[in-house]
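**Q**
Residue numbers (my numbering): 3 to 367.
1) What is the DSSP secondary structure of residue 362, counted as helix, strand or coil?
2) Mind checking which residues open and close the alpha helix (DSSP H) that includes residue 378?
3) My output table needs one value for residue 307: the three-state DSSP class, helix, strand or coil.
4) Decide if residue 331 is buried, meaning its Cβ has at least 16 other Cβ atoms within 10 Å, or exposed.
5) Classify residue 18 as helix, strand or coil using the three-state DSSP reduction.
6) Measure the alpha-carbon distance for residue 24 versus residue 40 and round it to whole angstroms.
7) Give every residue of the same chain whose Cβ lies closer than 6 Å to the Cβ of residue 20, excluding the five residues on either side of it in the sequence, and list them in chain order.
8) Around the Cβ of residue 193, are there at least 16 other Cβ atoms within 10 angstroms (buried) or fewer (exposed)?
9) What separation, rounded to the nearest whole angstrom, lies between the Cα atoms of residue 376 and residue 244?
10) Measuring only the C-alpha atoms, how far is residue 86 from residue 121?
11) Assuming residue 237 and residue 299 form a contact by the criterion Cβ under 8 Å, report the distance between their Cβ atoms to the nearest whole angstrom.
12) Please classify residue 270: does DSSP put it in a helix, a strand, or coil?
13) Look at residue 151 and residue 176 and say whether their C-beta atoms are less than 9 Å apart.
14) Is residue 150 helix, strand or coil by DSSP?
15) Give the straight-line distance between the Cα atoms of residue 293 and residue 333, rounded to the nearest whole angstrom.
16) Measuring alpha carbon to alpha carbon, tell me which of 274, 198 and 344 ends up nearest residue 248.
17) Where residue 165 and residue 327 are concerned, what is the direct C-alpha to C-alpha distance, given to the nearest angstrom?
18) Rounded to a whole number of angstroms, what is the C-alpha to C-alpha distance between residue 267 and residue 324?
19) Here's the rule I'm using: 16 or more other beta-carbon atoms within 10 Å means buried, otherwise exposed. How should residue 65 be labelled?
20) Could you tell me the distance, in whole angstroms, from the CA atom of residue 167 to the CA atom of residue 119?
21) Nearest-angstrom Cα distance between residue 207 and residue 320?
22) Quick one: what does DSSP say residue 326 is sitting in, helix, strand or coil?
23) Are the CB atoms of residue 159 and residue 200 nearer to each other than 9 Å?
24) Could you check which residue in 111, 112, 113 and 149 has the C-alpha nearest to that of residue 128?
25) How about the segment 248 to 260 and the segment 80 to 94: do they share at least three Cβ pairs that are nearer than 8 Å?
26) Short of 7 Å in beta carbon distance, which residues of its chain neighbour residue 58, apart from the five on each side in sequence? Order them along the chain.
27) With the cut-off set at 9 Å, would you say residue 60 and residue 269 are in Cβ contact?
28) In whole angstroms, give me the CA-to-CA distance for residue 234 and residue 275.
29) Suppose you measure from the CA of residue 315 to the CA of residue 210; what does that come to, to the nearest Å?
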């Protein structure tokens with residue numbers, strides 16, 4: 003049945019007649035021609051999007067070139083960087099972020115949203131100061147310490163929107179931004195309220211059209227078994243080891259880039275990396291690697307249980323039905339590797355749970 007929805011997307015579960023392939027759009031009928039055309043268009047759009055983002059950042063807003071979290075931490079520590087939170091930086095950051103993610107590069111929006119939310123907080127205070135004299139007087143009388151508290155609450159809201167987890171936003175501020183600043187109980191409550199409001203607003207806007215905070219958010223009700231603590235412990239150790247290796251590899255690559263001719267050809271470097279990524283379909287972010295490892299282990303144990311259901315290891319499993327759910331192992335593996343790379347602990351759990359619970363739900367079905 004053709005959808006009558008007025009939005010640009012089709013509701014879940016309905017056939018979308020408005021979407022066509024590039025081959026059908028240009029009238030190419032052969033399979034080989036369609037494959038070549040779609041590959042060329044995909045690579046061309048990816049390079050165009052990524053190149054445009056790199057050009058905008060390099061030419062108009064150098065402060066928008068990466069996540070911005072180190073600079074936010076410096077600002078919360080007392081350093082004054084007004085240009086880093088300027089409206090122009092916000093505009094280029096938002097546009098460049100959309101282009102970068104749309105290009106298919108292996109990068110996420112979570113870190114940059116911290117910078118975006120802080121820019122928006124700074125912009126709104128400026129607008130309110132000019133629009134309402136009473137607010138302007140109040141804000142001008144506040145110290146830089148009060149301004150940093152406002153930016154800290156905004157940073158937690160950015161993480162809450164990125165992961166659909168208000169509590170994860172507060173834990174991010176406590177673990178990563180400034181533990182001394184967030185030790186203030188009043189600030190933690192303000193940050194939590196800000197994160198809840200941000201997540202509620204995201205749910206009301208419903209950008210994915212599925213009524214959920216994140217694209218794959220679902221619930222799962224299955225209980226874990228005690229023997230599963232052993233493989234989960236192994237995933238934790240593996241996540242720490244692989245995290246250390248990835249950190250060393252990243253440091254060596256960064257050192258090579260700083261000493262190579264690519265240092266002065268940043269836009270060209272982005273174009274080359276994007277083209278290679280699009281051609282060979284590289285998609286290996288940290289969370290995906292951990293989730294893949296965890297799910298592989300879960301599938302192995304699931305097959306083992308099917309082959310030897312009466313083994314003493316599976317004595318706590320029901321005699322019939324499913325006992326091992328690989329989706330749970332995907333969540334554990336993602337959180338383990340994320341914790342190993344970023345040194346996050348509690349927040350790694352709250353950040354990955356809303357995103358990867360979909361795997362567990364599909365296993366139940």
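Just so it is clear, CB atoms sit at the ideal spot from N, CA and C, and this is done for glycine as well.
In this text, all values refer to a predicted model and were calculated from it rather than measured experimentally.
**A** With the structure as the only source:
1) Only weak support is given to the placement of residue 362: the predicted model assigns it a pLDDT of 45, under 50, and the question is left unresolved by the model.
2) Because residue 378 is not part of the residues shown, which for the chain are 3 to 367, the question remains open.
3) helix
4) buried
5) In the structure shown, residue 18 adopts coil according to DSSP, grouped into three states.
6) The alpha-carbon atoms of residue 24 and residue 40 are separated by roughly 6 Å.
7) Taken in chain order, the list of residues that qualify is empty.
8) buried
9) This structure gives no information on residue 376, because the portion of the chain shown stretches from 3 to 367.
10) 8 Å
11) 7 Å
12) In the three-state reduction of the DSSP assignment, residue 270 falls in the helix class.
13) no
14) helix
15) 6 Å
16) 344
17) About 23 Å.
18) 54 Å
19) buried
20) 15 Å
21) 43 Å
22) coil
23) yes
24) 149
25) no
26) The residues are 94, 97 and 98.
27) A contact, by the Cβ cut-off of 9 Å.
28) 35 Å
29) 42 Å
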